[in-house]
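These notes concern the structure reproduced below.
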Amino acid sequence: MSVLPSPLRDLESFLQCGSLLDLGSRLRRERLSKHAGYREDGAVVLADSRRLWRPASEEGEPRELHLLDCTEPLVGERVGMHPNLWVHAAAPPDLDAAATRSLARSGVQSLSVDSGPVSAGEGAWSEQLDLPLPLVVCATYGPNSTPAELAARLERLRTARSLRCLVWLPESPGELVHRAEATDGLLDARLLAVSRLFLPPTVRLRASWAAFGWKMAQFLLTCGADEVAGWGLEEARAWGSALKPSCTVGRHEARAGVLEASREPVEVRGCAWDS
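Be aware that the sequence shown starts at 0, since it is given in numbering that gives the first Met the number 0, and climbs by one per residue.
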């Protein structure tokens, strides 16, 4: 897949006024695969130092263990309890390459990096983008995020050697309710489309139905998303584990939704599926 031009001014113009029809047509022409991944609610076991919990689902067995706390003793304990699950852990701000290798020896297979709101610019997270484990990076944005802010975040992520998955999330639902503001759907779709054309094909884009609702997440599969998924570590870190997802989707509904979007469903297990 070819990518959009790199100069910030060109990228900003696509983010500000790019036609979804034109972007969608280009995505269909250049798509490398018809496959799209899904991770239904119930496929993830979330854990911190105090408890384990699993988003509700009547279907399927868990495939991933998501750790909010990333200390080696906790990792060893939780991995021992769930030896067959993909282990995905939150990367603390001070995590370096040596500590990452130690976590990998303890059983961690991928890391979650929270890059925070695009309005904050670069921070400590930027130094973690080349850690020696596959990375899932979360970035938050809102209706007031400028094309320049979004373009700058994409420019930085484009150079991340360990990035395997990017999750764009609207700002905290609690904040949106407080300020009576929300993204309009057009911004979300355009951002996914531009991200897919701008980032290398080795980076998957995830649409979270915990954030957008099921029908919008399904629509985003036609706008550049490579996979859809429910509540997991990225949502818990961005919004707080006390919040509830906007909806829950089981295995059969998720598979059917991918097929309805004219894609071929692939079960997601961490960073291990090939599209």
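We put the CB at the ideal spot given by N, CA and C, even for glycine.
Less than 8 Å between the CB atoms is what I'm expecting for residue i and residue j, so what's the real figure, rounded?
i: L132; j: T99; result: 6 Å
i: F211; j: L219; result: 7 Å
i: S109; j: V136; result: The Cβ separation is near 11 Å, so there is no contact.
i: A150; j: E11; result: 5 Å
i: L134; j: E234; result: Not confirmed; about 17 Å, so no contact.
Roughly how many angstroms lie between the CA atoms of residue i and residue j, to the nearest whole one?
i: R155; j: S101; result: 26 Å
i: R50; j: F197; result: 39 Å
i: G184; j: M215; result: 8 Å
i: A88; j: A224; result: 23 Å
i: Q15; j: G256; result: 29 Å
i: T289; j: L162; result: The chain is shown only over 0 to 274; residue 289 falls outside these bounds and no answer can be derived.
i: V166; j: Y140; result: 11 Å
i: V112; j: V227; result: 19 Å
i: F13; j: S144; result: 14 Å
Please name the residue or residues paired with residue i in a DSSP beta bridge.
i: T139; result: P116 and L168
i: R205; result: V166 and E226
i: G36; result: E226 and V265
i: S109; result: H87
i: V74; result: Answer is none; V74 lacks a bridge partner.
i: E234; result: BP columns for E234 are empty, so no partner.
i: S63; result: One point to set straight first is that residue 63 is Glu, not Ser, in the sequence displayed. In DSSP, E63 forms a bridge with V43 and W85.
i: L134; result: L110 and L162
i: L51; result: A46
Less than 6 Å between C-beta atoms, sequence neighbours within five positions excluded: which residues of the same chain meet that for residue i?
i: R152; result: V117 and A138
i: A253; result: Y37 and E39
i: A159; result: L128
i: D68; result: D47 and S48
i: E71; result: S105
i: W272; result: G36 and V265
i: A148; result: In the sequence under discussion, the amino acid at residue 148 is Glu, which differs from the Ala named in the question. The answer, listed in chain order, is V117 and S118.
Ordered along the chain, which non-local residues of its own chain (more than five positions away) have a Cβ less than 7 Å from that of residue i?
i: G229; result: R38, E39, D40, P54, W208, A209, P244, T247 and V248
i: L84; result: V44, P61, R62, E63 and L64
i: P264; result: A35, Y37, R254, V257 and L258
i: C262; result: In the sequence as displayed, the identity of residue 262 is Arg instead of Cys. K33, H34, A35 and L220.
Suppose the cutoff is 8 Å on Cβ atoms and the five residues either side in sequence are ignored; what does the same chain contact list for residue i look like?
i: G106; result: V74, G75, V78 and V86
i: D93; result: A123
i: L19; result: L185, A188, R189, A192 and C222
i: R236; result: L67, A89, S111, D113 and C137
Q) So, do the region 9–29 and the region 182–192 have three or more beta carbon pairs nearer to each other than 8 Å? A) yes
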